[in-house]
Amino acid sequence: MGALTELDRAFVANTYARFPVELIRGEGSKVYDTDGKEYIDMGSGIGVTAFGIADKEWKAAVCAQLDKLQHVSNLYYTEPCARLAALLCEKTGMKKVFFGNSGAEANECAIKVARKYAAEKKGAEYSTIVTLQNSFHGRTLTTLAATGQDHFHKLFQPLTPGFVHTPANDLSALEAVIAREKVAGVLIECVQGEGGVIALDEAFVKGAYELCKENDIVFMVDEVQTGNGRTGAFYSYMHFGVSPDVVTTAKGLGGGLPIGACLMGEKVESVLGAGDHGSTYGGNPIAAAGALSVISRIDDALLAEVKEKSEYIFSALAGKKGIKSVSGKGLMIGIETERPASEIVKECIENGVLPLTAKTKVRLLPALNIPMQDLKKAIDTILAAAAKI
Ligand SMILES: *Cc1c(COP(=O)(O)O)cnc(C)c1O
Numbered sequence: 005m006g007a008l009t010e011l012d013r014a015f016v017a018n019t020y021a022r023f024p025v026e027l028i029r030g031e032g033s034k035v036y037d038t039d040g041k042e043y044i045d046m047g048s049g050i051g052v053t054a055f056g057i058a059d060k061e062w063k064a065a066v067c068a069q070l071d072k073l074q075h076v077s078n079l080y081y082t083e084p085c086a087r088l089a090a091l092l093c094e095k096t097g098m099k100k101v102f103f104g105n106s107g108a109e110a111n112e113c114a115i116k117v118a119r120k121y122a123a124e125k126k127g128a129e130y131s132t133i134v135t136l137q138n139s140f141h142g143r144t145l146t147t148l149a150a151t152g153q154d155h156f157h158k159l160f161q162p163l164t165p166g167f168v169h170t171p172a173n174d175l176s177a178l179e180a181v182i183a184r185e186k187v188a189g190v191l192i193e194c195v196q197g198e199g200g201v202i203a204l205d206e207a208f209v210k211g212a213y214e215l216c217k218e219n220d221i222v223f224m225v226d227e228v229q230t231g232n233g234r235t236g237a238f239y240s241y242m243h244f245g246v247s248p249d250v251v252t253t254a255k256g257l258g259g260g261l262p263i264g265a266c267l268m269g270e271k272v273e274s275v276l277g278a279g280d281h282g283s284t285y286g287g288n289p290i291a292a293a294g295a296l297s298v299i300s301r302i303d304d305a306l307l308a309e310v311k312e313k314s315e316y317i318f319s320a321l322a323g324k325k326g327i328k329s330v331s332g333k334g335l336m337i338g339i340e341t342e343r344p345a346s347e348i349v350k351e352c353i354e355n356g357v358l359p360l361t362a363k364t365k366v367r368l369l370p371a372l373n374i375p376m377q378d379l380k381k382a383i384d385t386i387l388a389a390a391a392k393i
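So the sequence shown is numbered by the numbering used here: it starts at 5 and just counts up by one.
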């Protein structure tokens with residue numbers, strides 16, 4: 005056990021089942037441990053470092069802002085925050101943005117928006133938020149309540165009330181919930197990430213959107229993991245032909261600095277007023293400058309590159325020995341293997357590749373600009389591990 009591991013185990017809360025790897029630096033899609041061993045990074049900090057580690061443009065944008073202003077309170081106007089909000093609205097057609105520091109915080113904002121919209125429009129009893137079984141929306145007590153996986157809930161009761169979970173891809177079940185409950189909003193991930201990298205059916209997403217429109221319910225899409233180019237569209241809902249009222253995002257948005265955003269469309273753009281919500285660090289100039297660098301570079305050429313790499317991964321893995329199935333969209337991939345995913349990951353780590361897991365699957369979330377030769381090497385390593393059955 006390395007000295008770093010020992011120190012961490014002694015003093016850091018034991019909330020993560022860490023892999024036995026001590027990372028100290030990186031460049032692009034390569035990271036290095038305390039012994040100087042090189043790894044290909046197939047997780048990018050769980051879909052965070054969109055352009056890899058220490059990306060030059062991102063670093064220049066962040067450092068330039070550091071020389072100007074690292075923080076002032078939200079009682080004043082600052083440039084990176086305003087420009088980032090404008091760019092996000094330009095790229096999505098949304099109307100207003102609230103900034104926080106994480107995915108959970110972005111979802112907290114979305115839930116407040118839906119509840120306030122419904123309270124003012126229909127009455128305070130219209131407070132129910134519908135989410136999907138097997139979803140993941142965060143770790144705060146409210147976003148845990150939104151998360152449709154019971155094993156996260158058990159010892160943390162009581163959670164925030166007013167959440168109902170309905171099965172994914174079952175439109176009549178959703179219709180029944182809407183008929184039975186006083187619903188303020190529906191919140192979905194178009195591709196369930198932590199739940200096992202499972203894309204929803206297009207008919208269900210479209211149907212849920214239509215149901216919300218007919219019933220004046222706030223339709224919200226959690227793009228914390230799927231957003232910012234990850235699935236080969238700017239946001240994953242764009243694959244499904246729907247126009248959400250609220251979009252939440254974080255992870256890849258900041259390229260490695262903590263930032264989350266709740267984007268509000270026309271229907272709800274005026275719901276939040278002064279004093280309704282806030283966050284000391286929200287829209288922090290450094291994080292916003294990093295995000296501005298990331299978002300301004302997610303263009304059609306990059307999205308085409310994401311799709312190409314995705315097609316390569318699917319075709320390289322499909323039907324190969326030990327591979328049961330491949331799921332996901334873009335560079336958000338779940339691999340069902342005959343060997344347990346944990347064994348595959350362990351062997352990959354030994355061979356210099358760092359994949360993730362999601363439930364029983366091996367999960368890949370590489371940087372959007374991962375060089376093809378690194379990607380090929382990583383896929384070959386995974387194939388070799390999977391084939392040992
Ligand atoms: C990671 C994730 C969250 C939580 O984001 P944090 O930044 O960890 O709070 C919420 N929703 C989805 C879909 C996620 O993948």
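Virtual Cβ for every residue (Gly too), placed ideally from N, Cα, C.
- Note on geometry: alpha-carbon atoms of E309 and V298 lie some 15 Å from one another.
- Secondary structure note for A265: its beta strand (DSSP E) is the uninterrupted segment 264-268.
- Proximity of the beta carbon of A118 to ligand 1 is not indicated: no heavy atom of the ligand is located closer than 7 Å.
- DSSP, read as helix, strand or coil, puts T170 in strand.
- For R234, there is no enclosing alpha helix (DSSP H), since its DSSP letter is neither H nor E.
- DSSP lists Y36 as the bridge partner or partners of R29.
- Nearest to K363 by C-alpha distance, out of M5, A345, V16, is A345.
- Cβ atoms of D226 and L191 come within 8 Å of each other, at about 6 Å.
- Secondary structure of D12 (DSSP, three-state): helix.
- Within its own chain, the residues whose Cβ lies closer than 6 Å to the Cβ of L73, once the five positions on either side in sequence are excluded, are P289, listed in chain order.
- Residue environment: S131 is assigned as buried (16 or more neighbouring CB atoms within 10 Å of its CB, all protein chains considered).
- Within 7 Å of the C-beta of F15 there is not a single heavy atom belonging to ligand 1.
- Look at V76 here: in three-state DSSP terms it is coil, with no helix or strand label.
- The beta carbon of A254 sits closer than 6 Å to the beta carbons of S106, G107, A110, V228, G264 from its chain, once the five residues preceding and following it are set aside; these are given in chain order.
- Its Cα nearest to that of E124, the residue G277 stands out among K99, E206, Y43, G277.
- Note that the C-beta distance between G104 and G269 is not below 8 Å.
- Secondary structure at L191: strand, using DSSP grouped into helix, strand and coil.
- Straight across, the Cα-Cα distance linking A90 with I327 is about 44 Å.
- The Cβ-Cβ distance between M336 and V209 does not fall below 8 Å.
- The three-state reading of DSSP puts K365 in strand, counting E and B together.
- Secondary structure at G104: strand, using DSSP grouped into helix, strand and coil.
- Contact fails between the segment 48-65 and the segment 13-20, because fewer than three Cβ pairs, one in each stretch, are under 8 Å apart.
- Relative to H281, the option among K333, E129, A114, E218 whose CA is nearest is A114.
- In this structure, Y121 keeps its C-beta atom at 8 Å or more from the C-beta atom of G356.
- Residue pairing by DSSP places A203 opposite V195 in a beta bridge.
- For Y43, the enclosing beta strand (DSSP E) starts and ends at 42-45.
- With fewer than 16 other Cβ atoms from the protein chains shown falling within 10 Å of its own Cβ, Y80 counts as exposed.
- Checking the DSSP bridge columns, you'll see S329 partnered with E340.
- Between ligand 1 and the CB of V228, the shortest heavy atom gap is smaller than 7 Å.
- The beta strand (DSSP E) runs lying completely inside the segment 112-146 and spanning 3 residues or more are 132-136, given in chain order.
- The alpha carbon of T170 has as its nearest neighbour, out of A293, T151, Q161, the alpha carbon of T151.
- A straight-line Cα-Cα distance of about 46 Å links A320 and A183.
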